[in-house]
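Chains as they are written, first to last, in UniProt numbering: chain G, 1 to 250; chain F, 1 to 250.
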């Protein structure tokens, strides 16, 4: 069934109201009519089944038929801190990361980031990424739309890291020595509702000084297998591993 | 250290010869000189450290300094059978799948595939995908370049499935019932050198009849978590889960 997000304000006790771009999607793209059913999430933990009552040019009104149990969010909150990559890689990361359950995307300017975000374009970039996150959240049946931060400095990232239960760094480790990897150990130790910050370097990787500062701040260095994977593949690997460990193995 | 593939014929007992596009990459892109070192794989299990002796316009000659232990290939052979997707998604799947350890990419025409490969363009499409696989294999330090097949029918895929140790189908399962997922059970049962066929549907998913025929052929239906992920994200999830289970957890 098609999914849409509505604001908390627009989801009342028994009725919902949809405005904005989704109206056109419902009426023109999906060609829905009164009586058709959709699922709506208020991005604050409430998801309901809705019967469409009325489709107007600028809004869709529906009545709530049933409250649904949330079931598509990861058991932990994951933030992907991504060293600013080149080109449109951040768009791929946000789209695929949303499908895989990311809660927050936090770009940061790493020592080896070649790209810089100009202040005057930053707002527009974030808005574009937020739009990608919303669409991917709807397509993947998420109950929460991931948030996207403006690019921060590495120093700020280090400060923010203190607010997380666990911090890991994707790192080209030496071959592991027989026992389970660092990533497995971290995932064995997470509890429901924990927060996890995943720090990924840009194309050139993290500088040694950055790795050192992250370790001093308590971060765990985690290898992602013996192959060298690109900066935009690393967050997808980590998210799939988190989902596999916490949702499929348990 | 930069990696290149050379043919078995061009990797002798003590010397190697590089021809083709890689010559330009070594001389112009990397600006290497005699004395610089590279790693070469012969795509047949042998990987060596090489000191460049001579760089000419049409070839590079090097002497072998050391034999290297293979260490970047997955312990099992994985084939991704991908229902023909739209646009350039197959390029993304081949690039990222190569980084994540895929052995063979096998496109097939699923009942709901909208795209068709015209016979006269198929060869060119495969060549383009093979080039992407080779470049990604070099960048990710693979010892083998994954192969890419021309698109086959679903019937042919069913026949080919008999040749694999394990066959799984990415499938939007009902919520799992407490115990470990089907994917985990399969991965718990694989042994070194086993072959695994992973069948992924196109954008619209597999038809019920296709799922039924795969099950009759012994395939295991595997859910990939509670979120709905796109056709091009599914193979990346599976490959990351395989790597996590077989390379990081063990």
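Where is the CB? At the ideal position from N, CA and C, for every residue including glycine.
Those residues which DSSP pairs with residue i across a bridge
i, result
"residue 68/G", "47/G"
"residue 147/F", "104/F"
"residue 5/F", "41/F"
"residue 52/F", "62/F"
"residue 16/G", "11/G, 62/G"
"residue 26/F", "DSSP output for residue 26/F lists no bridge partner at all."
"residue 109/F", "153/F"
Per-residue contacts from residue i into chain F (C-beta, under 7 Å)
i, result
"residue 226/G", "71, 72, 247"
"residue 133/G", "Neighbours of residue 133/G on chain F: none; closest Cβ ~13 Å, over 7 Å."
"residue 206/G", "Under the 7 Å cutoff, chain F gives no residues; its nearest Cβ is about 18 Å from residue 206/G."
Chain G contact residues for residue i, given Cβ-Cβ distances below 7 Å
i, result
"residue 96/F", "233"
"residue 251/F", "Residue 251/F is absent from the structure shown; chain F starts at 1 and stops at 250."
Residue i versus the options, residue with shortest Cα-Cα distance
i, options, result
"residue 138/F", "135/G, 201/G, 227/G", "227/G"
"residue 110/F", "31/F, 133/F, 67/F, 213/F", "213/F"
"residue 225/F", "81/G, 197/G, 140/G", "140/G"
"residue 146/G", "36/G, 73/G, 18/G", "73/G"
"residue 126/G", "113/G, 43/G, 106/G, 35/G", "106/G"
"residue 59/F", "215/F, 48/F, 18/F", "18/F"
"residue 229/G", "205/G, 197/G, 56/G", "205/G"
"residue 2/G", "12/G, 15/G, 25/G", "25/G"
"residue 120/G", "99/G, 143/G, 151/G, 91/G", "151/G"
"residue 200/F", "38/F, 217/F, 113/F, 186/F", "113/F"
"residue 45/G", "68/G, 38/G, 240/G, 34/G", "68/G"
"residue 62/G", "11/G, 248/G, 82/G, 90/G", "11/G"
"residue 158/F", "217/F, 189/F, 238/F", "217/F"
"residue 88/F", "115/F, 81/F, 70/F", "115/F"
"residue 188/F", "23/G, 102/G, 248/G", "248/G"
"residue 239/F", "102/F, 219/F, 118/F, 132/F", "102/F"
"residue 165/G", "237/G, 36/G, 79/G, 236/G", "79/G"
"residue 186/F", "223/F, 66/F, 209/F", "223/F"
"residue 245/F", "211/F, 221/F, 190/F, 220/F", "190/F"
"residue 160/F", "211/F, 123/F, 209/F, 108/F", "108/F"
"residue 260/G", "66/G, 43/G, 29/G, 27/G", "Since the first and last residues shown for chain G are 1 and 250, residue 260/G lies out of range."
"residue 198/F", "37/F, 209/F, 181/F, 171/F", "171/F"
"residue 241/F", "209/F, 215/F, 181/F", "181/F"
"residue 33/F", "82/F, 21/F, 169/F, 57/F", "57/F"
"residue 43/F", "163/F, 169/F, 9/F", "9/F"
"residue 83/G", "215/G, 207/G, 250/G", "207/G"
"residue 31/F", "13/F, 52/F, 47/F, 20/F", "52/F"
Extent of the continuous alpha helix (DSSP H) run through residue i
i, result
"residue 41/F", "Run containing residue 41/F: none in the alpha helix (DSSP H); it sits in the beta strand (DSSP E), 37-41."
"residue 235/F", "234-243"
"residue 91/G", "89-99"
"residue 214/G", "208-216"
"residue 132/G", "119-139"
"residue 198/F", "Looking at the DSSP string, residue 198/F is not in any alpha helix (DSSP H); the run it does join, the beta strand (DSSP E), is 195-200."
"residue 158/F", "154-161"
"residue 184/G", "182-189"
8 Å contact criterion, which residue i and residue j should meet: CB distance rounded
i, j, result
"residue 149/G", "residue 104/G", "7 Å"
"residue 76/F", "residue 196/F", "6 Å"
"residue 41/G", "residue 143/G", "5 Å"
"residue 328/F", "residue 54/F", "Outside the shown range of chain F, which is 1 to 250, sits residue 328/F, and nothing can be said about it."
"residue 231/F", "residue 203/F", "5 Å"
"residue 100/G", "residue 243/G", "6 Å"
"residue 96/G", "residue 183/G", "So it is not a contact: roughly 19 Å between Cβ atoms."
"residue 86/G", "residue 5/G", "Going by Cβ atoms, the distance from residue 86/G to residue 5/G rounds to 31 Å, so no, they are not a contact pair."
Residue i, enclosing beta strand (DSSP E) - first and last residue
i, result
"residue 77/G", "77-83"
"residue 168/F", "166-170"
"residue 224/F", "No beta strand (DSSP E) contains residue 224/F, which DSSP labels as neither H nor E."
Closer than 9 Å at the beta carbon, the chain F residues around residue i
i, result
"residue 170/G", "In chain order: nothing, as chain F lies at least about 12 Å away."
Beta-carbon neighbours of residue i, restricted to chain G and to distances below 8 Å
i, result
"residue 139/F", "228, 230"
"residue 142/F", "227"
"residue 41/F", "The contacting residues do not exist; residue 41/F stays about 13 Å from chain G at best."
"residue 63/F", "The contacting residues do not exist; residue 63/F stays about 25 Å from chain G at best."
Beta-carbon neighbours of residue i, restricted to chain G and to distances below 9 Å
i, result
"residue 184/F", "244, 248, 249"
"residue 4/F", "Within chain G, no residue comes near residue 4/F; the closest Cβ sits about 14 Å away, beyond 9 Å."
"residue 66/F", "Going along chain G, no residue has its Cβ under 9 Å from residue 66/F, so there is no contact; the nearest lies around 17 Å."
Chain F residues whose Cβ lies nearer than 8 Å to that of residue i
i, result
"residue 219/G", "Residues of chain F passing the Cβ test: none, with the nearest at roughly 18 Å."
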